Amino acid sequence: MVPFANVKRTYVLAPADSTSGGPELLHQLVYTLNTLGAQADIVYYGADHSSPPPAYSRYVKGSVPFGEIEDSEENLIVVPEVSIHLLSRFKKAAKAIWWLSVDNFYILYRDKSFDALSFLFRTQGFFAVLKRLLKISIKHISFASPAIQQARAHLCQSHYAMDWCKRHGLTKVYGLSDYLADDYLGLTPDVAQKEDLVVYNPKKGASFTKKLIRASPDLTFAPIIGMSRQEVIRLLLRAKVYIDFGNHPGKDRIPREARMAGCVVVTGTDGAARFDADVPIQEKIPARSENIRTIRNLIGTVMSDYATFNSRQSAYAEQIKRGKGDFVSQVKSLWGL
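Under my numbering, think of the first position of the sequence shown as 59, with each following residue one higher.
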């Protein structure tokens with residue numbers, strides 16, 4: 059089945075003033091559709107912008123104001139899972155939800171009371187609450203349910219998202235992944251320049267990572283904080299290891315960027331990291347306090363035998379390199395191009 063074969067124009071909605079991994083994917087879709095001869099536009103919500111952020115000028119040159127979307131049966135509106143509520147404004151156009159994250163959807167829609175969620179996170183821990191939320195049936199999310207059920211297609215950035223959608227009874231589920239920017243795909247790491255350095259994103263798995271750092275005075279850690287893309291690249295090219303013990307709400311970007319920079323990636327087992335199709339590595343250890351010594355030993359072993367572990371993750375690097383071609387093939391299949 060080709061769900062979007064007869065679509066005349068595709069509008070892809072993206073949050074304004076955001077330059078994280080998710081919005082980049084949305085711009086990549088518009089770029090790919092236009093490159094293949096289709097008609098696609100980026101539409102910003104949250105602010106009225108006519109120009110994309112400089113980081114995305116490589117993908118699009120302008121945008122369509124939200125109020126100028128043509129709500130026609132021959133058009134398609136694609137929204138990320140965090141913006142499902144916007145679909146209710148359109149009565150005629152076909153609709154598609156792109157599940158870039160499962161976890162973020164639950165945080166936004168399962169309980170609209172910020173205070174209630176904040177209390178639970180403080181008293182029970184973020185991941186404990188999140189795991190409970192993920193077990194709740196999608197039918198209980200009344201605020202978002204109609205739009206979810208009426209979507210022409212559910213597009214999944216990760217196998218984690220695809221598995222979740224199918225387990226919750228959604229049909230018309232298709233894979234639509236993403237790819238890394240050329241800045242990373244063209245990297246040629248120099249093994250001789252690698253240092254015994256562990257890089258991490260302090261926004262991911264912060265509590266557990268702090269415990270690991272405190273328990274590892276013999277290891278050198280470097281956080282990614284307030285850096286430009288080129289600064290991140292230079293840091294990753296120096297490091298032997300990148301760790302991510304966060305929740306992996308989708309097929310996360312920075313672990314893949316780290317792998318392309320020659321880092322051996324070590325993760326936990328939450329979210330998409332649990333799926334080998336999303337994170338095809340052996341170096342996965344659950345982020346639990348009793349595993350800190352095991353993780354420390356693994357990192358130490360990687361430092362002393364970097365070449366072996368780097369080679370062992372070569373298949374992961376090859377999968378990442380194929381990402382752009384795979385994405386184009388998925389777009390062609392979905393839009394019948």
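Note that the Cβ used here is the ideal one computed from N, Cα and C, for glycine as well. Only a predicted model underlies this, so the values are computations on that prediction, with no experimental measurement involved.
According to DSSP, which residues form a beta bridge with residue i?
i: Leu-71; result: Val-101
i: Glu-253; result: Ala-297
i: Pro-260; result: According to DSSP, Pro-260 bridges with nothing at all.
i: Lys-66; result: Beta-bridge pairing links Lys-66 to no other residue.
Measure the beta-carbon distance from residue i to residue j and round it to whole angstroms, keeping in mind my assumption that it falls under 8 Å.
i: Pro-61; j: Leu-270; result: Going by Cβ atoms, the distance from Pro-61 to Leu-270 rounds to 44 Å, so no, they are not a contact pair.
i: Tyr-103; j: Ser-141; result: 7 Å
i: Asp-75; j: Ala-105; result: 6 Å
i: Ala-319; j: Ile-291; result: 6 Å
Cβ-heavy atom distance between residue i and the ligand SAM below 7 Å?
i: Asp-336; result: The model depicted lacks the ligand SAM and carries no ligand whatsoever.
Between which residues of its own chain and residue i is the CB-CB distance below 8 Å, once the five residues before and five after are set aside?
i: Ser-195; result: Any reading at Ser-195 must be qualified, since the residue scores a pLDDT of 49, below 50, and its modelled position is unreliable; the value itself is stated next. Excluding residues within five positions, the ones whose Cβ falls inside 8 Å are His-226.
i: Arg-317; result: Tyr-300, Val-323, Gln-371, Tyr-374, Ala-375, Ile-378
i: Phe-177; result: Bear in mind that the predicted position of Phe-177 carries a pLDDT of just 41, short of 50, making it too unreliable to give a figure here.
i: Ser-121; result: Asp-99, Ile-100, Val-101, Tyr-102, His-107, Ser-108, Ser-109, Pro-110
Could you check where the beta strand (DSSP E) with residue i kicks off and where it finishes?
i: Tyr-232; result: 231–233
i: Ile-410; result: There is no way to answer for residue 410, as the model of the chain reaches only from 59 to 395.
i: Ala-280; result: 279–281
i: Val-322; result: 322–325
From what residue to what residue does the alpha helix (DSSP H) around residue i run?
i: Ala-152; result: From DSSP, Ala-152 is part of no alpha helix (DSSP H) but of the beta strand (DSSP E) over 152–157.
i: Cys-214; result: Here Cys-214 belongs to no alpha helix (DSSP H); instead the beta strand (DSSP E) covers 211–214.
i: Val-422; result: Nothing can be reported for residue 422: it is not among the residues displayed for the chain, which extend from 59 to 395.
i: Thr-359; result: 350–362
i: His-217; result: 217–225
i: Arg-116; result: Here Arg-116 belongs to no alpha helix (DSSP H), and DSSP marks it neither H nor E.
Going along the chain, which residues of its own chain have a beta-carbon closer than 7 Å to the beta-carbon of residue i, five neighbours each way excluded?
i: Trp-157; result: Glu-139, His-212, Leu-213, Cys-214, Gln-215, Ala-219, Cys-223
i: Phe-163; result: Glu-139, Val-140
i: Lys-149; result: Asp-129
If I measure Cβ to Cβ from residue i and keep anything under 6 Å in the same chain, skipping five residues before and after, which residues do I get?
i: Gly-381; result: Tyr-237
i: Ile-350; result: Leu-270, Ala-273
Original post:
For the 8 Å Cβ check, are there 3 or more pairs between the segment 118–136 and the segment 64–74?
Top reply: yes
Original post:
Counting Cβ pairs, one atom from each stretch, are 3 or more of them under 8 Å apart for the segment 216–236 and the segment 354–363?
Top reply: no
Original post:
Between the segment 212–219 and the segment 329–344, do three or more beta carbon pairs fall short of 8 Å?
Top reply: Enough Cβ pairs lie closer than 8 Å, so yes.
Original post:
Between the segment 282–289 and the segment 344–353, are three or more C-beta pairs nearer than 8 Å?
Top reply: no
Original post:
Do the segment 147–156 and the segment 206–215 touch if we need at least three Cβ pairs shorter than 8 Å?
Top reply: yes
**OP:** Assess, as a yes-or-no matter, whether the segment 231–246 is touched by the segment 259–270 under the definition of 3 or more beta carbon pairs within less than 8 Å.
**Re:** no
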